[in-house]
Amino acid sequence: MMHSAFAPGKLILMGEHAVVYGHPALAMAVERGMTVSLKDRKGPTALVNAQINDPRLAQALLTVLPEEGVGVTINSTLPTGRGMGSSAALAVALGRASLAREGLEADPAEINRRAFKVERVFHGTPSGIDHTVSMLGGALRYWRTESGPQFEAVDLPPLPIVVIDSGIAGNTAEMVAQVAAKQPAAHRDLAEMANLLDGTLPALKKGDWVAVGHAWLENHRLLQAVGVSTPLLDRLVRLAVDAGATGAKLAGAGGGGVVIALAPEPEAVIGQAEAAGFNAFVTGCYPSR
Ligand code: PMV
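Okay, so the sequence shown: first residue is 0 according to numbering that gives the first Met the number 0, each after it adds one.
And the structure:
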């Protein structure tokens with residue numbers, strides 16, 4: 000008997016790192032994601048086939064699967080280690096598939112609990128934004144409080160987003176630690192990022208791409224100020240703007256990963272990125288469940 004589940008990846012549209020300190024961030028589930036398939040077999044639980052290669056994977060599987068008797072296949076349409084939520088998508092898909100395998104209902108609270116356990120193997124103390132948006136789909140304004148995570152669905156028109164892959168994997172835990180080491184100096188920049196997000200929501204909702212593009216450039220500048228951008232990511236932001244994007248920013252923890260560009264004419268940005276040797280693609284929002 001085989002049990003499979005899909006979960007989408009995500010992009011952080013605004014407010015990464017600020018969200019670690021209780022500020023809101025805006026994340027959107029994307030059309031790409033992870034499919035986890037579980038099949039009963041003899042012997043220890045193990046990966047049978049995986050399009051991702053991560054030494055923490057075996058440990059992550061055992062947080063929600065028994066030690067014996069399950070063969071796991073993972074298919075991915077997401078670049079991994081690029082801030083596109085590959086570990087969160089894996090965590091949610093694995094949580095869902097493991098419940099189905101046990102003959103249990105897809106109870107959201109239980110999927111959330113299992114997914115968070117898996118995410119912690121990869122990210123230590125994640126804010127939870129990645130797996131929450133992967134679970135729920137759509138776009139979410141998400142923030143943490145002492146009594147737990149809070150979020151609200153945000154209804155966005157289709158955004159003309161081009162993702163440019165820097166080809167470099169970023170290390171989320173390292174980047175989060177780097178920002179922590181800069182406190183309290185970085186505090187003002189992170190608070191400003193949160194204000195920027197809330198100030199930009201009306202423009203996002205009505206599709207004012209010039210205003211949103213400017214806000215993304217400002218968000219990128221604040222991420223530079225807290226030390227998580229790199230010369231390569233800055234170069235990709237400039238490349239996108241020179242090719243006609245209204246704005247661009249790194250998305251996710253930084254140090255590598257992807258840049259997102261707001262490009263009403265995406266072909267020009269994709270063309271320039273590919274000419275410079277980078278993989279680039281359009282991605283839409285994965286609908287809310
Ligand atoms: O997983 P990434 O690279 O998208 O980073 C998540 C965003 C951070 O705000 C940097 C960390 C977190 O846990 O929210």
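C-beta: ideal position from N, C-alpha, C; glycine also.
Given the structure is predicted, the values throughout are model-derived calculations rather than measurements.
Taking only the alpha-carbon atoms, compute the straight-line gap between D129 and K41 and give it to the nearest angstrom. On the sequence shown, position 130 is the one that residue 129 refers to. On the sequence shown, position 42 is the one that residue 41 refers to. Cα-Cα distance, rounded: 34 Å.
Apart from the five residues just before and just after A96, which ones in its own chain have a Cβ nearer than 8 Å to its Cβ? Along the sequence shown, one-based indexing puts residue 96 at 97. Annotation for A96: H2, S3, A4, V35, S36, L37 place their beta carbon closer than 8 Å to its own, counting only its chain and skipping 5 residues before and after.
For A49 and P295, the rounded distance between their alpha carbons: This structure cannot speak to residue 295, because the chain is shown only from 0 to 288.
Backbone secondary structure at I110 - three-state DSSP: What you label residue 110 is simply residue 111 of the sequence shown in a count that begins at 1. I110 carries a helical assignment under DSSP once its states are collapsed to helix, strand and coil.
Within the present structure, is the beta-carbon of A272 separated from the nearest heavy atom of ligand 1 by less than 6 Å? For the purposes of this step, residue 272 is identified with residue 273 of the sequence shown, where counting begins at 1. Not under cutoff, so the answer is no.
Please confirm whether any heavy atom of ligand 1 lies closer than 6 Å to the CB of S126. As a first step, residue 126 is located in the sequence shown; it is residue number 127 there, counting from the start. Yes.
C-beta atoms of A260 and A239 nearer than 7 Å: Locating residue 260 in the sequence shown gives position 261, counting from the first residue. Locating residue 239 in the sequence shown gives position 240, counting from the first residue. Yes, the Cβ-Cβ distance between A260 and A239 is below 7 Å.
Sort out for me which residues DSSP pairs M33 with in a bridge. Taking the first residue of the sequence shown as 1, we reach residue 33 at position 34. Beta-bridge partners of M33 (DSSP): A6, S75.
Candidates T44, G32, R112, E66, of which the one nearest T79 by Cα: The sequence position of residue 79 within the sequence shown is 80, counting from 1. Here the closest residue by C-alpha is G32.
Runs of beta strand (DSSP E) lying entirely within the region 132–156, each at least 3 residues, in chain order: Within the region 132–156, the complete beta strand (DSSP E) runs of at least 3 residues are 138–144, 147–153.
Cβ of T171 versus every heavy atom of ligand 1: is any distance shorter than 6 Å? Numbered from 1 along the sequence shown, position 172 holds the residue referred to as residue 171. Yes, since a heavy atom of ligand 1 falls inside the 6 Å radius drawn around the Cβ of T171.
Does the distance from the CB of L200 to the CB of A214 come in under 7 Å? Mapped onto the sequence shown, residue 200 falls at position 201. Mapped onto the sequence shown, residue 214 falls at position 215. No, Cβ-Cβ distance for L200 and A214 is not below 7 Å.
Are the beta-carbon atoms of L10 and A247 separated by less than 7 Å? Here residue 10 refers to the residue found at position 11 of the sequence shown. Here residue 247 refers to the residue found at position 248 of the sequence shown. Taking C-beta atoms as the reference points, L10 and A247 fail to come closer than 7 Å.
Please specify which runs of the alpha helix (DSSP H), each continuous and at least 4 residues long, are wholly inside the region 184–246, giving them in chain order. Annotation: the region 184–246 contains the following complete segments of the alpha helix (DSSP H) (minimum length 4 residues), in chain order: 186–205, 208–224, 230–241.
For the alpha helix (DSSP H) that L56 lies in, which residues bound it at each end? For the purposes of this step, residue 56 is identified with residue 57 of the sequence shown, where counting begins at 1. Its alpha helix (DSSP H) spans residues 56–61.
Between A90 and A114, how many whole angstroms is the CB-CB distance? I'm expecting something under 8 Å. For the purposes of this step, residue 90 is identified with residue 91 of the sequence shown, where counting begins at 1. For the purposes of this step, residue 114 is identified with residue 115 of the sequence shown, where counting begins at 1. 4 Å between Cβ atoms; contact.
Distance, D241 Cα to S165 Cα: Here residue 165 refers to the residue found at position 166 when the sequence shown is read from its first residue. Here residue 241 refers to the residue found at position 242 when the sequence shown is read from its first residue. Straight-line Cα distance between these residues: approximately 17 Å.
Answer with buried or exposed for S85, where buried requires no fewer than 16 other C-beta atoms within 10 angstroms of its C-beta. In the sequence shown, counting from the first residue as 1, residue 85 sits at position 86. S85 should be labelled buried.
Short Cβ contact (7 Å threshold) for V161 with V71: Looking up residue 161 in the sequence shown gives position 162. Looking up residue 71 in the sequence shown gives position 72. When the beta-carbon positions are compared, V161 and V71 stay at least 7 Å from each other.
For the putative contact between L222 and S228, defined by C-beta atoms under 8 Å, what is the C-beta separation to the nearest angstrom? Taking the sequence shown and counting its residues from 1, one reaches residue 222 at position 223. Taking the sequence shown and counting its residues from 1, one reaches residue 228 at position 229. About 5 Å; that satisfies the 8 Å criterion.
Tell me which residues share the same chain as L216 and place their Cβ nearer than 6 Å to its Cβ, disregarding the 5 neighbours each side in the sequence. Numbered from 1 along the sequence shown, position 217 holds the residue referred to as residue 216. Residues of the same chain with a CB within less than 6 Å of the CB of L216, apart from the 5 flanking positions on each side, are G246 in chain order.
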